[in-house]
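J.: Here you go, one structure.
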Amino acid sequence: MRGEYALWFLGVALAFAVLEAWLRRRSGRGYDRSAALGTLGVAGGQILFNGLAGIGIGAVYMAVWSATPLRQPLDSAWSWAALFLLFEFLYYWQHRLSHEVRWLWASHSVHHSAEELTLPAAFRLGWTGSISGLWLFFLPLPALGWHPAAVAAVLAFNLRFQFFLHSELPPRLGPLEWIFNTPSAHRVHHSSNASYLDRNYGGVLIVFDRLFGTYARERPEEPCRYGLTEPVGSNNPVRIAFHEWGRLLGDMTRAGGPVSAVRVALGYPGKRPEGHHHV
Ligand SMILES: [Zn+2]
Ligand SMILES: [Zn+2]
Numbered sequence: 001m002r003g004e005y006a007l008w009f010l011g012v013a014l015a016f017a018v019l020e021a022w023l024r025r026r027s028g029r030g031y032d033r034s035a036a037l038g039t040l041g042v043a044g045g046q047i048l049f050n051g052l053a054g055i056g057i058g059a060v061y062m063a064v065w066s067a068t069p070l071r072q073p074l075d076s077a078w079s080w081a082a083l084f085l086l087f088e089f090l091y092y093w094q095h096r097l098s099h100e101v102r103w104l105w106a107s108h109s110v111h112h113s114a115e116e117l118t119l120p121a122a123f124r125l126g127w128t129g130s131i132s133g134l135w136l137f138f139l140p141l142p143a144l145g146w147h148p149a150a151v152a153a154v155l156a157f158n159l160r161f162q163f164f165l166h167s168e169l170p171p172r173l174g175p176l177e178w179i180f181n182t183p184s185a186h187r188v189h190h191s192s193n194a195s196y197l198d199r200n201y202g203g204v205l206i207v208f209d210r211l212f213g214t215y216a217r218e219r220p221e222e223p224c225r226y227g228l229t230e231p232v233g234s235n236n237p238v239r240i241a242f243h244e245w246g247r248l249l250g251d252m253t254r255a256g257g258p259v260s261a262v263r264v265a266l267g268y269p270g271k272r273p274e275g276h277h278h279v
């Protein structure tokens, strides 16, 4: 059944990606082909590495779920609603810290390396999330008694929903902007403009950004500039996947001792933008 959904999604995703490419060309935005090939390479690598890591991570999730006496029913809409909300909350913090802590940013920066925001860029995901430990954030869910397969289903829904957010074309969506992460909100997230940095971390919902003060709306007078503040300057998938690790490990070795090295790894990537308040 789940394989069927995945195929369905891939078909719809491909159709939308082709439509977007056509619309982009028609509107004169163009399409950077070598960047698209770079994205394809990064996507292939992440499917391989995250797929392999997923086997080990799945085993840890199963072990945690087996160890807890708690059990959440999977035939109750309330249980699924609670799982979804909790997942979104954890996702918000996982994503926010992925921008605020270099050890996590080394993996997540890959997703922000695209300088054109197109649907396929959604698949430009890091190869090393398992090493950064991004999966640790969601361990409370099996620990609270949700079966790992249910957690995986909510994660798949979150990622598939977010695929459709990676586009420069859709307008703002009115009242939906209050509750949901939308293409407009996610364009701001992918922008390196100073006033847009470190904003809109939500997955499916945007409510936690509103709650924790990280929401920013897209403003017509401030067009989005996509990509990293310091671009990778390459479309080679291996370079894209390890660019930030190279910088981080270099800074850690130069830190002059293990304690300072750990401080570098847990520090903020780059200079904090002015006027931003962090917890
Ligand atoms: Zn991000
Ligand atoms: Zn994104």
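Numbering (our numbering), first residue to last: 1 to 279.
Glycine included, each C-beta is placed from N, C-alpha and C at the ideal position.
Just so you know, these numbers come straight off a predicted model, no measurement behind them.
Could you tell me the alpha carbon to alpha carbon distance between Q94 and G28, rounded to whole angstroms?
T.: In the sequence shown, counting from the first residue as 1, residue 94 sits at position 94. In the sequence shown, counting from the first residue as 1, residue 28 sits at position 28. Distance between the alpha carbons of Q94 and G28 is about 37 Å.
J.: Would you say R284 and S191 are within 7 Å of each other, going by their C-beta atoms?
T.: In the structure as shown, the chain starts at 1 and stops at 279, and residue 284 therefore has no counterpart that could be examined.
J.: In whole angstroms, what separates the C-alpha of R25 from that of N200?
T.: The residue labelled residue 25 in the question sits at position 25 within the sequence shown. The residue labelled residue 200 in the question sits at position 200 within the sequence shown. So the two alpha carbons sit approximately 28 Å from each other.
J.: Leaving out the 5 sequence neighbours to the left and right, which residues in its chain are closer than 7 Å to E116 when beta-carbon positions are compared?
T.: By 1-based counting over the sequence shown, the position of residue 116 is 116. Excluding positions up to five away in sequence, the list reads D32, A35 and Y226.
J.: List the endpoints of the continuous alpha helix (DSSP H) containing F208.
T.: Here residue 208 refers to the residue found at position 208 when the sequence shown is read from its first residue. From DSSP, the alpha helix (DSSP H) with F208 extends over V207 to F212.
J.: Whether or not the region 80-100 and the region 163-171 are in contact is what I'm after, with contact meaning three or more pairs of Cβ atoms, one per stretch, closer than 8 Å; do they touch?
T.: no
J.: Among all the DSSP beta bridges, which residues are the ones paired with S191?
T.: For the purposes of this step, residue 191 is taken as residue 191 along the sequence shown, with counting starting at 1. Y226.
J.: Thinking just about the alpha-carbon of each residue, which of R187, F161, V64 and G41 is nearest to the one in P223?
T.: The residue labelled residue 223 in the question sits at position 223 within the sequence shown. Among R187, F161, V64 and G41, the Cα nearest to that of P223 belongs to R187.
J.: In whole angstroms, what is the alpha-carbon distance linking V151 and P171?
T.: If you number the sequence shown from 1, residue 151 lands on position 151. If you number the sequence shown from 1, residue 171 lands on position 171. So the two alpha carbons sit approximately 31 Å from each other.
J.: Where does I179 land, buried or exposed, given buried means 16+ other C-beta within 10 angstroms?
T.: By one-based count along the sequence shown, residue 179 stands at place 179. Exposed is the call here.
J.: Less than 8 Å between the CB atoms is what I'm expecting for Q72 and W127, so what's the real figure, rounded?
T.: Here residue 72 refers to the residue found at position 72 of the sequence shown. Here residue 127 refers to the residue found at position 127 of the sequence shown. About 32 Å; that fails the 8 Å criterion.
J.: Closer than 7 Å from C-beta to any heavy atom of ligand 1: which residues, in chain order?
T.: Contact residues of ligand 1 (beta-carbon closer than 7 Å to any heavy atom; chain order) are H95, S98, H99, H108, H111, H112, H189 and Y201.
J.: How many Å lie between Y61 and L139 at the Cα?
T.: Numbered from 1 along the sequence shown, position 61 holds the residue referred to as residue 61. Numbered from 1 along the sequence shown, position 139 holds the residue referred to as residue 139. Taking the straight line from one Cα to the other gives about 7 Å.
J.: Can you give the Cα-Cα distance for T214 and D198, rounded to whole angstroms?
T.: Here the question's residue 214 lines up with position 214 in the sequence shown. Here the question's residue 198 lines up with position 198 in the sequence shown. Spanning the two alpha carbons is a distance of roughly 7 Å.
J.: Quick check on this structure: which residue in E221, S195, P269 and G41 has the alpha carbon closest to the alpha carbon of L125?
T.: As a first step, residue 125 is located in the sequence shown; it is residue number 125 there, counting from the start. From the listed residues E221, S195, P269 and G41, the smallest Cα separation to L125 is found for G41.
J.: Is it right to say D75 is buried, meaning 16 or more other beta carbons lie within 10 angstroms of its own, or is it exposed?
T.: For the purposes of this step, residue 75 is taken as the residue at position 75 of the sequence shown. Exposed: under 16 other Cβ atoms inside 10 Å.
J.: Can you give, in chain order, each stretch of the beta strand (DSSP E) that sits fully within the region 85-121 and has at least 3 residues?
T.: none
J.: Give me the DSSP bridge partner(s) of L180.
T.: Within the sequence shown, residue 180 is the residue found at index 180, counting from 1. Per the sequence shown, the amino acid found at residue 180 is Phe instead of Leu. The partner list for F180 (beta bridge, DSSP) reads L205.
J.: Where A43 and V110 are concerned, what is the direct C-alpha to C-alpha distance, given to the nearest angstrom?
T.: Translated into positions along the sequence shown, residue 43 becomes position 43. Translated into positions along the sequence shown, residue 110 becomes position 110. Each residue's alpha carbon lies about 10 Å from the other.
J.: Which residues bound the alpha helix (DSSP H) around H243?
T.: As a working note, residue 243 is residue 243 in the sequence shown. For H243, the enclosing alpha helix (DSSP H) starts and ends at P237 to R254.
J.: Between the C-alpha atoms of A81 and T39, what's the straight-line distance to the nearest angstrom?
T.: Position 81 of the sequence shown, counted from the start, is the residue given in the question as residue 81. Position 39 of the sequence shown, counted from the start, is the residue given in the question as residue 39. Rounded to whole angstroms, A81 to T39 spans 34 Å at the Cα level.
J.: What is the DSSP secondary structure of Q72, reduced to helix, strand or coil?
T.: To locate residue 72, count along the sequence shown from 1; it is residue 72. Three-state result, Q72: coil.
J.: Please classify H277 as buried or exposed, where buried requires at least 16 other C-beta atoms within 10 Å of its C-beta.
T.: Walking along the sequence shown from the start, residue 277 turns up at place 277. Here H277 scores only 49 on pLDDT, less than 50, and its place in the model should not be relied on; the value that follows carries that caveat. The residue is exposed, with fewer than 16 neighbouring Cβ atoms inside 10 Å.
J.: Tell me whether P258 counts as near ligand 4, meaning its Cβ is closer than 6 Å to at least one heavy atom of that ligand.
T.: Among the ligands modelled here, namely ligand 1 and ligand 2, ligand 4 does not occur.
J.: Following the continuous alpha helix (DSSP H) through S27, name the residue where it begins and the one where it ends.
T.: Residue 27 sits at position 27 when you count from the first residue of the sequence shown. Where S27 is concerned, there is no enclosing alpha helix (DSSP H), given that its DSSP letter is neither H nor E.
J.: Classify G11 as helix, strand or coil using the three-state DSSP reduction.
T.: As a first step, residue 11 is located in the sequence shown; it is residue number 11 there, counting from the start. If DSSP states are grouped into helix, strand and coil, G11 belongs with the helices.
J.: Which value, in whole angstroms, describes the spacing of the CA atoms of L37 and P120?
T.: One-based indexing of the sequence shown puts residue 37 at position 37. One-based indexing of the sequence shown puts residue 120 at position 120. The alpha-carbon atoms of L37 and P120 are separated by roughly 10 Å.
J.: Exposed or buried, V279, counting other C-beta atoms within 10 Å across all chains shown (16 or more means buried)?
T.: Taking the first residue of the sequence shown as position 1, residue 279 is located at position 279. The predicted position of V279 is uncertain, since its pLDDT is 40 and thus under 50; a value taken from the coordinates is nonetheless stated next. With a 10 Å radius around the Cβ and a threshold of 16 neighbouring Cβ atoms, V279 comes out exposed.
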